[in-house]
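The sequence shown maps to residues -40 to -1, 1 to 483 in mature numbering (1 follows the signal peptide of the UniProt record, and there is no 0). Note that the Cβ used here is the ideal one computed from N, Cα and C, for glycine as well. Predicted model only: the values in this text are computed from it and were never measured. Here is the structure we will look at.
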Amino acid sequence: MSPQPMTLSLCEMQQKLHSFFCRCALSAGLLALTAMSLTAAAQAPAAAQSEPDRISVLEHRIDQMQADLNEVRALLAAERAHAAGAPVAPAAPAVLAASTAAPASAPAAPTSAGPASTSSSVASAAAPATATPVVQTAASSVPASSLLMLPNGSTINLLIDTYIGYNANQSVGRVNYLHAYDVLDDVYGINQADVMYELLPDLAAGRRYGLRLDLQYGQATATLQGSPANEGRPDLWRNLFQAYGRYVIPAGKGVTVDVGKWASSLGYEGNYSKDQMQYSRAFFFNFLPFYHAGLRANYAFNDKLSVNYWMVNGTNQTEPTNSFKDELFGFSYSPTRKISWTSNYYLGQENPDSVASTSCTLPVQPGLCYTPINPAPNGRTHIIDNYVAFQATPKLLLVGEGDYFISRKWRNAGPGESAAPSHVDGGAAYAQYQFDPRASLAIRGEYLSDRNGLFSNASQALKEATIAYKYNFADGFVGFLEYRRDWSNTKYFLQGPNNTPSNHQDVVTLGMVWSYGGKQGAW
């Protein structure tokens, strides 16, 4: 006879659980008495041999407790399904053979609390776990999908970044000049849609490797990947924002090495809007490199000091445009829990030594036909980047960033070869006040000196001021309401139906970002 569907109410389940624990307590007492009797029997062999029924009683009690345990497993499974709003599965038979093991449930679904560390999360995934329903709150209204929870602590994460804005200049084409992501006015824009997979190393579990893959779609790919001016075949890599493998070399406290393509850490701001103070990005985010491809290594001496070294193909270059390998030397230092300082020095050569051609005599893949530039420019690029974060109070965060960028086409001047430098320098200041876990207000002020037009193609001094209100409607849904003013000492911006030159632009933006997945904290 097949078991009947379980239709117990939550109250009835709790009563049965209470009854079960009472029986367990009674059985434990009887077992204790039986054990005391057996101990006495061991001290008197003759008496033990004359009372074999005591052993039979003990075996019977063990069988009874096993049956009770199987019954409560079925009750707990039904209660969880009831709490999660899922159909209640048929109850298992009340009695199982003593040698039959109960099947392990699926790994627990993540909640907004998140694991304390990767090692602990992997350890939990290795052992059988019982699926725990997510409590419905304003921050988390549905259970996390088991499809996004993978073995060994790896995660799949999704993000959709959208915005709508208004530019008071109302220029032809509705362009927000020099903005990285909110590039258009009066549009329902999709900045980016991302799928991210991550597996972190877990030394406690004996796994020294990890990997990360970020697939990106939308307008942001045009900003980040650029054009053939900096990348020989940009469309080939346009949707591959990050892709790298990681290995922790067992030297000292462990040297973390990444090989592949990753987002640049030059500059304070990052790619994912949900992790930023404001929705729009600073001029320096739009100017400094977005990504690199090559090798990087990090070594942490302690929880205060770590050092970094990179050897990469170039700035914003998945494939190199010359044979020179750029390098970065940097460190991060936190003298106290309230202060963190990151300093980077980058040395590169960004001038190509060949140009695309269509006259190759040998068959090659599309885009791989080149002719040499002779002589090839050999000028160097130097970037000095520093940013300091200070947690002044539990609610107030202050950040300062300073950057110096200099580039030459030729290292030494010669006939027809100029060694004149192009400079970009300046900085940004940030302040964010966290009213409560959901709401914050942030301001940003920035100055960028663009001598020789290396950033904006015009020699000018750019300034911007931004104020943004950020609100977390739920775990995985954040909104921004932002006002930004950009201005210059020249009439660089355009205004009105005739594109009249203007020295400023004012933009109001509403940004909305949705994210979901098992990765906790910043992406």
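Looking only at DSSP bridge pairs, what is residue i linked to?
i: Thr296; result: Ile299
i: Arg167; result: Asp162
i: His252; result: Trp222
i: Ile333; result: Paired residue(s): none; Ile333 is not in a bridge.
i: Leu441; result: Tyr429 and Leu470
i: Phe291; result: Val267 and Ser303
i: Leu173; result: Tyr157 and Ala203
i: Asn117; result: Met156 and Gly477
i: Tyr390; result: Val359 and Arg404
i: Glu424; result: Glu406 and Asp446
i: residue 548; result: An answer regarding residue 548 cannot be provided, because it is not within the stretch -40 to 483 covered by the chain.
i: Ala257; result: Val217 and Tyr269
Please work out which residues of its chain come closer than 7 angstroms, Cβ to Cβ, to residue i, disregarding the five sequence neighbours upstream and downstream, and give them in chain order.
i: Gln394; result: Lys355 and Ser400
i: Met271; result: Gly254, Leu255, Lys285 and Glu287
i: Pro280; result: Asn273 and Gly274
i: Tyr232; result: Leu119 and Trp483
i: Ser266; result: Asn258, Tyr259, Ala260, Phe291 and Ser292
i: Gly170; result: Leu159, Leu160, Pro161 and Arg206
i: Asn412; result: Ser382, His383 and Ser419
Once DSSP output is grouped into helix, strand and coil, what is the label at residue i?
i: Asn459; result: coil
i: Gln480; result: coil
i: Asn432; result: strand
i: Leu358; result: strand
i: Thr353; result: coil
i: Leu322; result: coil
i: Arg411; result: helix
i: Met237; result: coil
i: Ala180; result: helix
i: Gly274; result: coil
i: Asp146; result: coil
i: Ser(-4); result: Low local confidence applies: a pLDDT of 47 at Ser(-4) is under 50, so the model's placement there is unreliable, with the coordinate-based value given in what follows. Helix.
i: Ala125; result: Strictly speaking, residue 125 in this sequence is Gly, with Ala absent from that position. Correct three-state label for Gly125: strand.
i: Leu110; result: coil
i: Asn311; result: coil
i: Phe345; result: It should be noted that the sequence gives Asp, not Phe, for residue 345. Strand at Asp345.
i: Gln24; result: helix
i: Ser79; result: Low confidence applies to Ser79: its pLDDT is 37, below 50, so where it sits in the model is not reliable, and the reading given next is rough at best. In this structure, Ser79 counts as helix in the three-state DSSP scheme.
i: Ser475; result: strand
i: Ala2; result: Confidence at Ala2 is low in this model, with a pLDDT of 46, below 50, so the placement of that residue should be treated as unreliable; the coordinate-derived value is given next. Ala2: helix per DSSP, three-state reduction.
i: Asn262; result: coil
i: Phe395; result: coil
i: Asn417; result: coil
i: Phe284; result: coil
i: Asn151; result: strand
Keeping to the same chain, check which residues put their C-beta closer than 6 angstroms to that of residue i; ignore five residues upstream and five downstream.
i: Tyr306; result: Leu288 and Ile343
i: Val208; result: Pro161, Arg168, Gly214 and Thr216
i: Val438; result: Lys234, Asn432 and Val473
i: Tyr157; result: Ile116 and Leu173
i: Phe365; result: Ile343 and Val384
i: Lys264; result: Ser294
i: Phe440; result: Tyr239, Ala428, Lys430 and Gly471
i: Pro210; result: none
i: Asp466; result: Ala128 and Arg445
i: Ala349; result: Ser300 and Val359
Keeping to the same chain, check which residues put their C-beta closer than 8 angstroms to that of residue i; ignore five residues upstream and five downstream.
i: Leu175; result: Asp154, Val155, Met156, Asn199, Leu200 and Phe201
i: Tyr177; result: Gln152, Ala153, Asp154 and Asn199
i: Gly339; result: Gln309, Asn311, Ser367, Arg368, Lys369, Trp370, Arg371 and Ala379
i: Ala418; result: Asp410, Thr450 and Tyr452
i: Asn463; result: Trp447, Ser448, Asn449, Thr450, Lys451, Tyr452 and Phe453
i: Lys479; result: Thr115, Asn117, Met156 and Glu158
i: Gln236; result: Glu229 and Gly230
i: Thr460; result: Leu454
i: Pro194; result: Gln185, Gly186, Ser187 and Pro188
i: Ile150; result: Ile120, Asp121, Thr122, Gly178 and Gln179
message = Taking contact to mean 3 or more Cβ pairs, one atom from each stretch, closer than 8 angstroms, check whether the segment 202 to 217 and the segment 257 to 273 are in contact.
response = Yes: the two stretches touch, three or more of their Cβ pairs being nearer than 8 angstroms.
task = Report yes or no: do the segment 311 to 325 and the segment 261 to 276 share at least 3 C-beta pairs separated by less than 8 angstroms?
result = Segments in contact, no.
ask   = Does the segment 463 to 477 come within contact of the segment 114 to 129, defined as at least 3 CB pairs closer than 8 angstroms?
value = The segment 463 to 477, when compared against the segment 114 to 129, does touch it at the 8 angstroms Cβ threshold.
inquiry  = I want to know whether the segment 191 to 211 touches the segment 384 to 394 - three or more CB-CB distances under 8 angstroms.
reply    = The segment 191 to 211 is not in contact with the segment 384 to 394.
message = Please give the ranges of any alpha helix (DSSP H) in the segment 182 to 222, keeping only runs that are unbroken, at least 4 residues long and fully inside the region.
response = Entirely contained in the segment 182 to 222, the alpha helix (DSSP H) runs reaching 4 residues are, in chain order, 194 to 197.
task = Decide if the segment 423 to 430 is in contact with the segment 122 to 134; the criterion is three or more beta carbon pairs, one per stretch, under 8 angstroms apart.
result = The answer is no - the segment 122 to 134 does not touch the segment 423 to 430, with fewer than three Cβ pairs under 8 angstroms.
request  = Report yes or no: do the segment 371 to 379 and the segment 396 to 410 share at least 3 C-beta pairs separated by less than 8 angstroms?
outcome  = Judged by Cβ distances under 8 angstroms, the segment 371 to 379 makes no contact with the segment 396 to 410, as fewer than three pairs qualify.
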